[in-house]
Amino acid sequence: MPVKLLIVGGGAMGTAFLAGLVESGWAPAADLAVSEPDPSRREALAASHPGLTVGDGPIEAEGAVLAVKPDVAEGACRTLGAAGIRRVLSIVAGLASERLEATLPPGSVVVRAMPNTPSLVGAGVAAMAGGVHASAADLDWAEGILAAVGTVVRLPERQLDAVTGLSGSGPAYVFLMAEAMIEAGVMAGLTREVSRTLVVGTLLGSARLLDETGQDPATLRASVTSPGGTTAAGLRSLEFKAVRSAFIEAVAAAVERSRQLGR
Ligand SMILES: NC(=O)c1ccc[n+]([C@@H]2O[C@H](COP(=O)([O-])OP(=O)(O)OC[C@H]3O[C@@H](n4cnc5c(N)ncnc54)[C@H](OP(=O)(O)O)[C@@H]3O)[C@@H](O)[C@H]2O)c1
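Here is the structure:
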């Protein structure tokens with residue numbers, strides 16, 4: 304009897320999907336399987352999700368999530384095709400759906416997605432695009448899986464390099480900003496612990512304010528910037544250091560790198 308979904312790769316992302324799918328009620332662990340070569344990872348996954356099927360190699364399933372590193376993805380996908388799996392959601396960075404389609408029997412469905420690391424705590428954001436054989440039902444299926452670990456947007460596949468440079472690499476930009484702000488707090492005389500608490504709270508709170516009010520960031524920024532005040536002085540320094548332009552250049556460089564890696 305095939306399971307509802309096979310997760311190929313029990314690493315960081317595969318484990319996050321497993322937890323999200325079970326916790327969100329998409330499927331109980333007994334309807335899921337993970338294929339993973341490392342025996343200790345398999346044991347840990349089976350212990351934390353009673354009823355889960357684990358194995359090394361193909362397991363009969365109605366569909367699969369491909370969550371292995373790019374260098375082994377085509378080989379792993381070929382194994383899925385040989386095992387009769389015809390519907391694959393790939394989260395492998397930089398690998399075009401047509402390359403995966405070429406490893407599967409003709410007519411097989413590939414949906415490609417680019418999630419990001421906050422998926423590990425169920426707060427990711429992912430963009431997804433269907434390959435040539437993906438129907439509306441296939442896209443709904445893929446969106447249901449991705450929604451277990453965060454927010455999902457649908458885009459044409461040609462825009463996935465832009466997504467990679469923006470939200471795929473985006474957490475690293477935010478972590479760099481957090482590092483710098485914590486350091487700045489320490490330099491201003493706060494303990495590292497207090498500085499971290501204030502910075503993490505500021506990031507979380509600002510993100511929620513953006514999300515929950517729906518206001519654009521320029522309006523929210525203006526609302527905390529009194530004429531001639533402290534925030535105005537801080538922003539003047541950031542503009543002098545061309546921070547806005549630095550973000551634009553960072554995303555452009557990451558998008559270009561994603562294009563190069565995908566060639
Ligand atoms: N982490 C992210 O934020 C993120 C974001 C977007 C996209 N992605 C993509 O998600 C994919 C997985 O990333 P990750 O961070 O989860 O990597 P990871 O932690 O290294 O997980 C990959 C897992 O797949 C296993 N594996 C290797 N070959 C396999 C095979 N033939 N069949 C089944 N499992 C196999 C690996 O086992 P061994 O270690 O024993 O080889 C490892 O446990 C990557 O393609 C990455 O580009 C990741």
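Residue numbers (the numbering used here): 304 to 566.
Note that CB positions come from ideal geometry on N, CA and C, so glycine has one too.
Predicted model only: the values in this text are computed from it and were never measured.
| query | result |
| --- | --- |
| Integer Cβ distance of V412 from R390, believed to fall under 8 Å | 5 Å |
| Simplified DSSP assignment, three categories, for I388 | coil |
| Buried/exposed call for V497, threshold 16 Cβ in 10 Å | exposed |
| Rounded Cβ spacing between L506 and V477 (contact assumed at less than 8 Å) | 7 Å |
| Distance, A405 Cα to V502 Cα | 47 Å |
| For I362 and L538, the rounded distance between their alpha carbons | 55 Å |
| Nearest neighbour of V428, chosen from A450, P530 and R499 [CA to CA] | A450 |
| Beta-carbon proximity check, E356 vs A336, cutoff 8 Å | Looking at the sequence provided, one finds Thr at residue 356 rather than Glu. A contact, by the Cβ cut-off of 8 Å. |
| Buried versus exposed call for L479 [16 or more other C-beta atoms within 10 Å across all chains shown] | exposed |
| Own chain partners of L383 with C-beta closer than 8 Å, once the 5 adjacent residues on each side are dropped | L309, V311, P361, A367, L369, V391 and L407 |
| Cβ-Cβ separation, L469 to R415 (assumed contact under 8 Å), whole Å | Not really, about 16 Å apart at Cβ, beyond 8 Å. |
| Continuous beta strand (DSSP E) stretch holding S338: start and end | L335 to S338 |
| heavy atom of ligand 1 below 7 Å from A370 C-beta | yes |
| Selected residue, minimal CA-CA separation from L423, among M316, T454 and L512 | M316 |
| Contact set for L458: own chain, Cβ-Cβ below 8 Å, skip 5 residues either direction | A430, M431, A432 and V466 |
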